[in-house]
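Take a look at the structure set out below.
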Amino acid sequence: MKLQLHHKDGHQGLEQQAKRGQHQQRAAAHTVTPGAQQGGREEPHQEAAHVRVEGPVGEVMAGALFSALHHAQHTEAYCAYAIILMALYWCTEALPLAVTALFPIILYPMMGIMDASEVSIEYLRDTNILFFGGLLMAIAVEHWNLHKRIALQVLLIVGVRPALLMLGFMLVTAFLSMWISNTASSAMMVPIAHAVLEELYSVPRGKDIEEGSENPTFELQESGSQKEETTLDNGQVHPVPPAPSEPRAKQNQEQVRFTQGLSLCVCYAASIGGIATLTGTAPNLVLQGQMNTLFPKNPNVVNFVSWFSFAFPTMVILLVLAWLWLQILFLGFNFRKNFGIGSQEGEKEQAAYRVIQLEHRLLGPMTFAEKAITVLFLTLVILWFTREPGFFLGWGNLAFSNEHGESMVSDGTVAIFIGIVLFIVPSKIPGLTQDPREPGRLKAPPAILDWKTVHEKLPWNVVFLLGGGYALAKGSEQSGLSQWLGNKLTPLQNVPPPAIAFILCLLVATFTECTSNVATNTLFLPILASMAQAICVHPLYVMIPCTLATSLAFMLPVATPPNAIVFSFGGLKVTDMSKVSGIPKAPASTPRLHTMRK
1 MKLQLHHKDG HQGLEQQAKR GQHQQRAAAH TVTPGAQQGG REEPHQEAAH
51 VRVEGPVGEV MAGALFSALH HAQHTEAYCA YAIILMALYW CTEALPLAVT
101 ALFPIILYPM MGIMDASEVS IEYLRDTNIL FFGGLLMAIA VEHWNLHKRI
151 ALQVLLIVGV RPALLMLGFM LVTAFLSMWI SNTASSAMMV PIAHAVLEEL
201 YSVPRGKDIE EGSENPTFEL QESGSQKEET TLDNGQVHPV PPAPSEPRAK
251 QNQEQVRFTQ GLSLCVCYAA SIGGIATLTG TAPNLVLQGQ MNTLFPKNPN
301 VVNFVSWFSF AFPTMVILLV LAWLWLQILF LGFNFRKNFG IGSQEGEKEQ
351 AAYRVIQLEH RLLGPMTFAE KAITVLFLTL VILWFTREPG FFLGWGNLAF
401 SNEHGESMVS DGTVAIFIGI VLFIVPSKIP GLTQDPREPG RLKAPPAILD
451 WKTVHEKLPW NVVFLLGGGY ALAKGSEQSG LSQWLGNKLT PLQNVPPPAI
501 AFILCLLVAT FTECTSNVAT NTLFLPILAS MAQAICVHPL YVMIPCTLAT
551 SLAFMLPVAT PPNAIVFSFG GLKVTDMSKV SGIPKAPAST PRLHTMRK
């Protein structure tokens with residue numbers, strides 16, 4: 001056996017750490033699908049990590065299913081065939097998710113379920129407009145690195161004590177995931193976390209000598225049963241100790257465990273933070289669109305304010321529980337050490353803190369574009385909250401109401417308005433930019449956003465995926481499949497509603513570990529709505545907890561892009577993620593006993 005032994009002498013400079021973090025961030029960005037990486041709210045899986053079903057298997061199954069249903073000669077059976085066929089392709093990913101979402105445009109007119117023009121309308125509803133407008137703001141924030149400035153500033157405030165460092169990363173990641181892509185927030189935070197960890201656990205120059213560490217390459221030969229001979233590349237034989245000393249082994253074990261805990265806290269916080277706002281992740285928008293499609297006369301019961309009023313406290317509770325669980329599991333019960341009570345920061349903590357300071361310093365002073373985006377972002381949130389708050393008349397009812405006193409503007413209207421402003425406001429103060437081609441002549445600065453940037457970073461596949469879900473729900477309603485399912489599920493009236501919600505959450509939480517969360521929500525919500533009507537339960541009683549359960553997939557690396565990003569950086573095994581995720585996933589599978597009322 002040949003063994004190459006390297007002795008790490010000291011640690012690299014802070015500038016090299018920062019550059020390495022940037023390279024790691026770019027590498028992590030390439031581990032996800034383009035749509036997810038570039039600011040999308042939907043969480044598609046990695047193509048490299050998924051097992052796709054190729055060949056004639058899917059076509060044979062689809063043909064056999066169609067032959068069985070063809071004899072029914074009912075639109076309900078045809079609609080069921082379309083839904084099952086799409087579910088088959090979504091689960092196996094034999095075709096891209098967005099391509100499968102286009103099936104209703106072909107199948108529904110051919111089967112006599114819906115007219116082609118009616119199906120096409122479902123692909124660009126108001127919810128899609130809200131999704132598009134929200135992404136414009138998210139793209140602007142990412143394009144000008146405002147999200148990174150916010151993250152580093154918060155980390156500078158919380159410090160580098162183990163428990164507080166973990167809390168800081170979770171708070172920042174969750175907050176960013178409320179407004180931008182879960183994937184983008186994870187891809188940005190993981191390299192920063194690993195750069196901090198490298199400084200926190202690096203061996204300073206001369207530290208090995210002080211602690212009595214030995215380099216086996218230069219160790220004198222000794223005789224004894226506790227040494228085993230190892231042949232090096234130069235042909236010499238040197239005795240190598242079978243294991244490091246107990247203090248160093250314990251330190252290495254603590255390092256590995258804290259690295260695992262800090263990595264998991266980022267991907268957990270990304271998924272948990274996305275549930276807090278309506279635009280935080282695509283399953284939330286699927287729920288809103290399905291409610292408006294299946295119950296068109298509902299008084300806009302799912303809007304930004306109503307969703308935030310219950311989802312944000314839920315997010316805070318889940319985030320605290322996940323932080324406590326990860327802290328106990330990876331840091332132990334030594335709270336004095338974890339919080340640094342009664343002790344001063346050591347050399348390693350100071351070095352890790354300097355890494356964060358350097359990253360923040362490299363951003364430079366806050367630019368005019370960042371300030372403008374901050375103002376527009378706050379304006380967007382304020383307009384969302386005050387449009388139709390419910391407990392007082394909002395500006396939508398006061399200024400833009402119809403003859404019935406109902407608001408004619410929606411959350412999508414506000415999002416598009418701010419999105420258009422992003423294309424108008426300049427990125428620099430006008431009048432201060434010189435034209436390099438004509439000295440002495442002022443050049444008009446570019447706008448904060450341009451269409452080229454939007455075209456490159458906007459995940460158009462999610463727009464079609466959302467539209468395909470709405471088309472499924474509309475076809476299920478018009479074909480009578482929803483009513484048929486409701487009649488078949490009436491025996492469930494004898495089961496307590498909390499038990500039904502709990503079982504459904506467990507089913508959805510398991511299903512979403514293997515397929516896209518948007519596809520899972522799209523498939524289940526129409527069925528859940530029909531079942532709720534049949535057993536005389538408010539549809540949101542089962543639709544809301546199942547929607548949250550689809551977003552909180554923690555067990556497998558392929559479950560969500562944040563999981564895949566963390567897994568790609570190393571230090572984690574699939575078994576580690578599965579064992580650790582049991583407790584954080586349990587609250588997600590518990591029914592939320594909330595009904596959203598206007």
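Under the UniProt record's numbering, the first residue of the sequence shown carries the number 1, and numbering increases by one thereafter. The beta-carbon is built from N, C-alpha and C at its ideal position, and this holds for glycine as well.
Output the distance between the C-alpha atoms of Ala352 and Leu152, rounded to the nearest integer angstrom.
Here the question's residue 352 lines up with position 352 in the sequence shown. Here the question's residue 152 lines up with position 152 in the sequence shown. Cα-Cα distance, rounded: 12 angstroms.
Rounded to a whole number of angstroms, what is the C-alpha to C-alpha distance between Glu142 and Pro104?
For the purposes of this step, residue 142 is taken as the residue at position 142 of the sequence shown. For the purposes of this step, residue 104 is taken as the residue at position 104 of the sequence shown. When rounded, the distance between both Cα atoms is 34 angstroms.
Identify whether Ala94 lies in helix, strand or coil by the three-state DSSP scheme.
Here residue 94 corresponds to residue number 94 of the sequence shown, with the count starting at 1. DSSP places Ala94 in coil when its eight states are reduced to three.
Grouping DSSP H, G and I as helix and E and B as strand, with all else coil, what is Ala509?
Counting from 1 along the sequence shown, the entry for residue 509 is found at position 509. DSSP places Ala509 in helix when its eight states are reduced to three.
Span separating the alpha-carbon of Leu492 from that of Phe304
Here residue 492 corresponds to residue number 492 of the sequence shown, with the count starting at 1. Here residue 304 corresponds to residue number 304 of the sequence shown, with the count starting at 1. A direct Cα-Cα distance of roughly 32 angstroms separates Leu492 from Phe304.
If we require 4 or more residues per run, which alpha helix (DSSP H) segments fall completely within the stretch 96-165?
97-100, 103-110, 116-121, 126-143 and 146-158
What residue from Ala269, Tyr89, Asp450 and Ala87 has the CA that sits closest to Leu324's CA?
Residue numbering aside, residue 324 sits at position 324 when the sequence shown is read from its first letter. Closest option to Leu324, Cα to Cα, is Ala269.
Please give me, in chain order, every unbroken run of the alpha helix (DSSP H) with length at least 4 that falls completely inside the stretch 368-456.
368-387, 395-399 and 411-422
Answer with buried or exposed for Met543, where buried requires no fewer than 16 other C-beta atoms within 10 angstroms of its C-beta.
Here residue 543 refers to the residue found at position 543 when the sequence shown is read from its first residue. By the neighbour-count criterion, in which 16 or more other beta carbons inside 10 Å mark a residue as buried, Met543 falls on the buried side.
Burial state of Lys579, where buried means 16 or more other Cβ atoms lie within 10 Å
The sequence position of residue 579 within the sequence shown is 579, counting from 1. Under this definition Lys579 is an exposed residue.
Residue span of the alpha helix (DSSP H) that contains Thr550, given as start and end
Taking the first residue of the sequence shown as position 1, residue 550 is located at position 550. In the DSSP assignment, Thr550 falls within the unbroken alpha helix (DSSP H) covering Pro539 to Ser551.
What are the boundary residues of the alpha helix (DSSP H) that includes Gly480?
The residue you call residue 480 lines up with position 480 of the sequence shown. That residue, Gly480, is in no alpha helix (DSSP H); it is neither H nor E in DSSP.
CA nearest to the CA of Gln533, picked from Met170, Met291, Gly133 and Asn284:
Walking along the sequence shown from the start, residue 533 turns up at place 533. It is Met291 whose Cα lies nearest to the Cα of Gln533.
Where does Gln260 land, buried or exposed, given buried means 16+ other C-beta within 10 angstroms?
What you label residue 260 is simply residue 260 of the sequence shown in a count that begins at 1. The residue is buried, with at least 16 neighbouring Cβ atoms inside 10 Å.
Around the C-beta of Arg361, are 16 or more other C-beta atoms found within 10 angstroms, so that it is buried, or is it exposed?
For the purposes of this step, residue 361 is taken as the residue at position 361 of the sequence shown. Exposed, since its Cβ has fewer than 16 Cβ neighbours within 10 Å.
Starting from Leu321, trace the alpha helix (DSSP H) both ways and give me its first and last residue.
As a position in the sequence shown, residue 321 is number 321, starting the count at 1. Unbroken alpha helix (DSSP H) run through Leu321: Phe304 to Leu331.
Counting pairs of beta carbons, one from the stretch 128-135 and one from the stretch 452-470, are three or more of them closer than 8 angstroms?
yes
Assign Lys579 to one of three DSSP states: helix, strand, or coil.
Your numbering for residue 579 matches position 579 in the sequence shown. Residue state, collapsed to three classes: helix.
How far does the alpha helix (DSSP H) with Gln350 in it reach, from first residue to last?
For the purposes of this step, residue 350 is identified with residue 350 of the sequence shown, where counting begins at 1. For Gln350, the enclosing alpha helix (DSSP H) has its first and last residue at Glu347 to Leu362.
May I ask you to report which of helix, strand or coil DSSP gives Thr282?
Mapped onto the sequence shown, residue 282 falls at position 282. Note on identity: in this sequence residue 282 is Ala, with Thr being the wrong assignment. It is helical.
Exposure of Ser177, with buried meaning 16 or more beta-carbon neighbours within 10 Å:
Along the sequence shown, one-based indexing puts residue 177 at 177. Buried, by the Cβ-count rule.
State the DSSP-derived secondary structure class of Pro496, mapped to helix, strand or coil.
The residue labelled residue 496 in the question sits at position 496 within the sequence shown. In this structure, Pro496 counts as coil in the three-state DSSP scheme.
Assign Met86 to one of three DSSP states: helix, strand, or coil.
As a working note, residue 86 is residue 86 in the sequence shown. In the structure shown, Met86 sits in a helix (DSSP, three-state: H, G or I).
Please report the straight-line C-alpha distance between Ala369 and Pro430, rounded to a whole angstrom.
One-based indexing of the sequence shown puts residue 369 at position 369. One-based indexing of the sequence shown puts residue 430 at position 430. For Ala369 and Pro430, the distance between alpha carbons rounds to 12 angstroms.
Extent of the continuous alpha helix (DSSP H) to which residue 644 belongs
The question about residue 644 has no answer, for the chain in this structure spans 1 to 598.
Residue 614 - containing alpha helix (DSSP H), residue span:
Residue 614 is absent from the model: the chain starts at 1 and stops at 598.
Measuring straight from C-alpha to C-alpha, what distance separates Arg52 and Glu93?
Locating residue 52 in the sequence shown gives position 52, counting from the first residue. Locating residue 93 in the sequence shown gives position 93, counting from the first residue. Any reading at Arg52 must be qualified, since the residue scores a pLDDT of 46, below 50, and its modelled position is unreliable; the value itself is stated next. Spanning the two alpha carbons is a distance of roughly 6 angstroms.
Cβ contact (3+ pairs, closer than 8 angstroms) linking the stretch 277-293 and the stretch 301-316
Taking one beta carbon from each stretch, the stretch 277-293 and the stretch 301-316 have 3 or more pairs nearer than 8 angstroms; the two touch.
Straight-line Cα distance separating Val454 from Leu489
Residue numbering aside, residue 489 sits at position 489 when the sequence shown is read from its first letter. Residue numbering aside, residue 454 sits at position 454 when the sequence shown is read from its first letter. Rounded to whole angstroms, Leu489 to Val454 spans 45 angstroms at the Cα level.
Where Ala116 and Ile106 are concerned, what is the direct C-alpha to C-alpha distance, given to the nearest angstrom?
Position 116 of the sequence shown, counted from the first residue, corresponds to residue 116. Position 106 of the sequence shown, counted from the first residue, corresponds to residue 106. Rounded to the nearest angstrom, the two C-alpha atoms are 8 angstroms apart.
Would you call Cys536 buried or exposed, if buried means 16 or more other Cβ atoms sit within 10 Å of its Cβ?
Locating residue 536 in the sequence shown gives position 536, counting from the first residue. Classification of Cys536: exposed, given that the 10 Å Cβ count is below 16.
Cβ neighbour criterion (16 or more within 10 Å) applied to His147:
Stepping through the sequence shown from its first residue, residue 147 is reached at position 147. Per the 10 Å Cβ criterion, buried.
Grab the span of the alpha helix (DSSP H) containing Val518 for me, first residue to last.
Along the sequence shown, one-based indexing puts residue 518 at 518. That run of the alpha helix (DSSP H) goes Asn517 to Ala534.
Residue environment, Phe392, which counts as buried when at least 16 other CB atoms sit within 10 Å
Reading the sequence shown from its first residue, position 392 is the one you call residue 392. By the 10 Å Cβ count, Phe392 comes out exposed.
How do the stretch 374-389 and the stretch 414-424 stand: do at least 3 beta-carbon pairs fall below 8 angstroms, yes or no?
Look at the beta carbons and you see the stretch 374-389 touching the stretch 414-424: at least three pairs across the two are nearer than 8 angstroms.
Assigned secondary structure, Cys265 (DSSP; H/G/I helix, E/B strand, else coil)
Here the question's residue 265 lines up with position 265 in the sequence shown. The three-state secondary structure of Cys265, taken from DSSP, is helix.
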